[in-house]
Structures are given as structure tokens and as C-alpha cells.
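J.: Below are the C-alpha cells for one structure; questions will follow.
There are 2 protein chains.
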Amino acid sequence: MTGAPVRRRGRPRREEAADTRDLILTAARKEFSEHGYEKTSVRGIAKAAGVDSALVHHYFGTKEQVFEAAIEVIFAPALNASKAVADAPPDDVGERLTRFFLGIWENPATRTPLLAIVRSALTNDTAAAVFRRLIASQLLRRIAGRIDLPDAELRAELAAAQLVGCAILRYVIKLEPLASADTEQVVARLAPVVHGHLTGA
Amino acid sequence: MTGAPVRRRGRPRREEAADTRDLILTAARKEFSEHGYEKTSVRGIAKAAGVDSALVHHYFGTKEQVFEAAIEVIFAPALNASKAVADAPPDDVGERLTRFFLGIWENPATRTPLLAIVRSALTNDTAAAVFRRLIASQLLRRIAGRIDLPDAELRAELAAAQLVGCAILRYVIKLEPLASADTEQVVARLAPVVHGHLTGA
Numbered sequence: 010m011t012g013a014p015v016r017r018r019g020r021p022r023r024e025e026a027a028d029t030r031d032l033i034l035t036a037a038r039k040e041f042s043e044h045g046y047e048k049t050s051v052r053g054i055a056k057a058a059g060v061d062s063a064l065v066h067h068y069f070g071t072k073e074q075v076f077e078a079a080i081e082v083i084f085a086p087a088l089n090a091s092k093a094v095a096d097a098p099p100d101d102v103g104e105r106l107t108r109f110f111l112g113i114w115e116n117p118a119t120r121t122p123l124l125a126i127v128r129s130a131l132t133n134d135t136a137a138a139v140f141r142r143l144i145a146s147q148l149l150r151r152i153a154g155r156i157d158l159p160d161a162e163l164r165a166e167l168a169a170a171q172l173v174g175c176a177i178l179r180y181v182i183k184l185e186p187l188a189s190a191d192t193e194q195v196v197a198r199l200a201p202v203v204h205g206h207l208t209g210a
Numbered sequence: 010m011t012g013a014p015v016r017r018r019g020r021p022r023r024e025e026a027a028d029t030r031d032l033i034l035t036a037a038r039k040e041f042s043e044h045g046y047e048k049t050s051v052r053g054i055a056k057a058a059g060v061d062s063a064l065v066h067h068y069f070g071t072k073e074q075v076f077e078a079a080i081e082v083i084f085a086p087a088l089n090a091s092k093a094v095a096d097a098p099p100d101d102v103g104e105r106l107t108r109f110f111l112g113i114w115e116n117p118a119t120r121t122p123l124l125a126i127v128r129s130a131l132t133n134d135t136a137a138a139v140f141r142r143l144i145a146s147q148l149l150r151r152i153a154g155r156i157d158l159p160d161a162e163l164r165a166e167l168a169a170a171q172l173v174g175c176a177i178l179r180y181v182i183k184l185e186p187l188a189s190a191d192t193e194q195v196v197a198r199l200a201p202v203v204h205g206h207l208t209g210a
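Sequence order for the protein chains is Y and H. At the far end of the first sequence sits residue 210, using our numbering, and the numbering has no gaps. At the far end of the second sequence sits residue 210, using our numbering, and the numbering has no gaps.
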């Protein structure tokens, strides 16, 4: 374990390593959320975590790899909930996914990091590749796996397109009247569209 | 006309001013398209146009105002075509708008400046405000004006959300299989959705 943190007396090494890793990951989430991919550096993450840059590299590798780990943590609730959506009764799939997706954006605690990730993915090719890898392979494929139709993956992506576009116009660009529309009104309009993409109904 | 360009012999003043204005606007489009809103400066635009910064301020005002003028030029074809879409027979509205929108993104000459504007709007609040003002007031309201249903503006925005989300996942994030899908296949899936938002059918 070259480069591992110096072991202090009285603490088992493995537990200490896990603590350090968590500390770095928390700092990374915060730095990427506040400054986006381009303006965040491994040195800045190390400083925020109170550790040496070498430790960040030791546990995670490159900046791209730290970003990927941070995104995985930020999207963990989304991935869990996407499982719940995928397990929903077929008739409820569109509405559940729509409600779940808007719920993440309505909550400022989840909106802020998500927005930073989305902005990073839209302005930086490396961040886009990480986003693509994680979202495509974990979130959309899981939903597509439940679609028993040709072009299941394309369908899942077009459903996602309706939701992502709504999030961008409503929460980022803040177009009116969409930005101030009642969530239930938006759900009522979008759920059938998402449902149609996913089920062909 | 304080700060106006020095008049040279043998050219009418008004024509010369129009030339200078065009020169600055062309440079501004190029600078904003290449560097985005944040990294473009009035000084950079002036330099690219071969004029003094004071002249840029004289003709356009602040950086925000130059940006607005540049966006208006970039979106001019979109605004003209949106008129054609709005004038389409009611049954064709969804498909015409979808084809027109994807057409702009399929063409690299129009995609590049559009992408720069969209990226700027997503990462900078001033750019978002300009984008909102122009798109909302000119493009979407024109389409909404043709919708004879309650919530016409909300409907136009949700139709736009489906298209914008598709552009982002297909052309910016490049999610597969959407990024490589045949345009006709995408049109076939999106046109009914856009049509449904706009017409309630």
C-alpha cells in the first residue's frame, strides 16, 4: 500500500483508510458541486479534506476518477430510486419516474449538486464521458431492461430527454410560465409522455 | 454621435457606421460561439473586429447587450422558420417543428454557435436571462400564439423541453443509441409527442 496514510496508534488500518477515503469524497462532492468540473482541482479537494494531494491520487487516481466517484455518491439515491421505478407496476412507470425525477430537482439539497454535475457534463468533454458512462450504464439501462419493446434503450433515452429538457427550462433557464407552474400540473402533462415513450402506450 | 468612427472621405457616414456595426457583430458572434459568454470580453470582440473597445460600447452598450445582439443574429433563421412552423397546417405542426429543430442541430454550421449559446445560458445567469428573454418572447410565444388551448405557453414550453432534452442527450452528452440513431427514427418518435403538447391531440 505505497502512499497509504501513516498509521496512528490504536486504530485499525482498514477503518482509518475508509475514514480518509470518505473525508476526501465528501470534500470532492462539495468542490465539484460548488465549482464544477473544470474549476475543481485535485489540490483543491485535498486542501478541503485537510490531506495531501498524493492521498487523493492514492485513493482515487486522476481528477476524472475522483469526479466519477463523487458522481456515484451524488447519484446513489437516484440509482436506488430508479430501481423502485423499474419495479413499479407497468401502468405506473411513467408517473413514478416523472414524480421521482421532479422530486430530486424540487429539493434544493439534491438540486444543487445535480446542477453542478449537469453543467459540468454540458461544458466539459471528460465530465460528459463520465456522466454518459454512469447514467447510460446504470440508470437508463436499468429502466430499459424493463421495457419489452424494440428500441428499449432509445425509448428510455427519449423519456429521459423529456425530463431533462423540462429540468433545464424550469430550473436552470427558468422560463415562465414553466418555472412557476405547479408540480402537479407539470406531472400531469409529462407523465403520459414519459409513459408513452417507455411502454408504447 | 460621440465615439462614432472617424469619417473617411468619399463615404457616406450612415453606410460606414452600418459597416462597422456589422463588423463588430460578426466578430461578436465568432467570439461568443468559440469561447462562450463568460470567457468573451468586449476587448476581445473589439480586437477581433479591428476596432477600439469604445466603438463596441458605442454601438451596442454592455457585454450583455452585445451578447443579445449576437444571439438575435444567430437565432434569426430559427425565428424565420418558427414563423413557417406556426403557419403550418394544424396537423403538421408537431412534425414540422421537430424536423426544423433537429435540422438546425444536424447542420454543423448552425450547431456550433447554438451549442455555445446554450452552454453559456446553462452556466451563466446573465446569459440565461438573455436567452430566456429572446427565446421566450420571440420563439415560444409565437408558437404559443397559435395554440388555441388553455396553458398555451406552458404547452409550448413542454414541447420545447422534449426537443431541447433530445438535443442535449444526442448532440452534447452523446448518449448511445440516441446519438447515432437515424434522424427519421427520432422524428418518428418525437413528432407525435411535440404534436400532443401543442395541440392536445
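The beta-carbon is built from N, C-alpha and C at its ideal position, and this holds for glycine as well.
1. Measuring straight from C-alpha to C-alpha, what distance separates A97 (chain H) and A190 (chain Y)?
2. Would you kindly report the start and end of the unbroken alpha helix (DSSP H) that includes E77 (chain Y)?
3. Quick check: the Cα distance between V139 (chain H) and Q147 (chain H), rounded to an integer number of angstroms?
4. Checking contacts by CB at 8 angstroms: is A132 (chain H) closer than that to chain Y?
5. At the level of alpha carbons, what is the spacing between T29 (chain H) and A37 (chain H)?
6. Sorted by chain position, which residues of the same chain lie with C-beta nearer than 7 angstroms to L111 (chain Y)'s C-beta, five sequence neighbours on each side aside?
7. With burial defined as no fewer than 16 other Cβ atoms inside 10 Å of the residue's Cβ, what is the status of A125 (chain H): buried or exposed?
8. Among H:Y46, H:Y180 and H:K39, which residue has its Cα nearest to the Cα of E115 (chain H)?
9. What alpha helix (DSSP H) runs, 4 residues minimum, are completely inside the segment 100 to 164 of chain Y?
10. Could you spell out the range, first to last residue, of the alpha helix (DSSP H) harbouring A57 (chain Y)?
11. Comparing the C-beta of L111 (chain Y) with each C-beta of chain H, is any distance below 8 angstroms?
12. Between the C-alpha atoms of V75 (chain H) and V65 (chain H), what's the straight-line distance to the nearest angstrom?
13. Are the C-beta of P186 (chain Y) and some C-beta of chain H separated by less than 8 angstroms?
14. Cα-Cα, which of H:L143, H:E24, H:A27 and H:A78 is closest to E40 (chain H)?
15. What does the alpha-carbon distance come out to for the pair R150 (chain Y) and E81 (chain Y)?
16. At a CB distance below 7 angstroms, what residues from the segment 132 to 161 of chain H approach chain Y? Give them in sequence order.
17. Less than 8 angstroms between the CB atoms is what I'm expecting for L187 (chain Y) and E43 (chain H), so what's the real figure, rounded?
18. Assign L184 (chain Y) to one of three DSSP states: helix, strand, or coil.
19. Taking the alpha helix (DSSP H) that P201 (chain H) belongs to, which residues open and close that run?
20. Is the segment 154 to 163 of chain Y touching the segment 119 to 138 of chain H in the sense that three or more CB pairs, one from each, lie closer than 8 angstroms?
21. Do R22 (chain Y) and K183 (chain H) count as a contact pair if the criterion is CB distance below 8 angstroms?
22. Mind checking if L167 (chain Y) is an interface residue toward chain H, Cβ cutoff 8 angstroms exclusive?
23. Taking CB distances under 8 angstroms as the criterion, tell me whether G209 (chain H) reaches chain Y.
24. According to DSSP, simplified to helix, strand and coil, what is P86 (chain H)?
25. Quick check: what's the CA-CA separation for N89 (chain Y) versus I152 (chain Y)?
26. Within 8 angstroms of any Cβ in chain H, is that where the Cβ of V215 (chain Y) sits?
27. Taking 6 angstroms as the limit between beta carbons, can you name the residues of its chain near E73 (chain H), skipping five residues before and five after?
28. Am I right that H204 (chain H) and R164 (chain H) are in contact with their C-beta atoms under 8 angstroms? What's the rounded C-beta distance?
29. Classify R52 (chain Y): buried if its beta carbon has 16 or more other beta carbons within 10 angstroms, exposed otherwise.
30. If you follow the alpha helix (DSSP H) that L178 (chain H) is in, where does it begin and where does it stop?
31. Helix, strand or coil for D28 (chain H), going by three-state DSSP, please let me know.
32. By Cβ distance, which residues of its chain are closer than 6 angstroms to G209 (chain H), with the 5 residues on each side in sequence left out?
33. Which chain H residues sit within Cβ distance under 7 angstroms of A170 (chain Y)?
34. R128 (chain Y) touches chain H at which residues, Cβ-Cβ below 8 angstroms?
T.: In terms of the structure at hand:
1. 28 angstroms
2. K72 to I83
3. 12 angstroms
4. According to the sequence provided, residue 132 (chain H) is Thr. The question's Ala does not apply to it. Chain Y contact via Cβ: present.
5. 12 angstroms
6. T192, V195 and V196
7. buried
8. H:Y180
9. 102 to 115, 117 to 132, 134 to 143 and 150 to 153
10. V51 to A58
11. no
12. 8 angstroms
13. yes
14. H:A78
15. 16 angstroms
16. T132, A137, F140, R141 and A145
17. Not confirmed; about 30 angstroms, so no contact.
18. coil
19. T192 to T208
20. no
21. no
22. yes
23. no
24. helix
25. 12 angstroms
26. Outside the displayed range of chain Y (10 to 210) lies residue 215 (chain Y), so it cannot be described from this structure.
27. T135
28. About 11 angstroms; that fails the 8 angstroms criterion.
29. exposed
30. First-last for L178 (chain H): undefined, no H or E at that position.
31. helix
32. L158
33. Q171, G174, C175 and L178
34. L131 and T132
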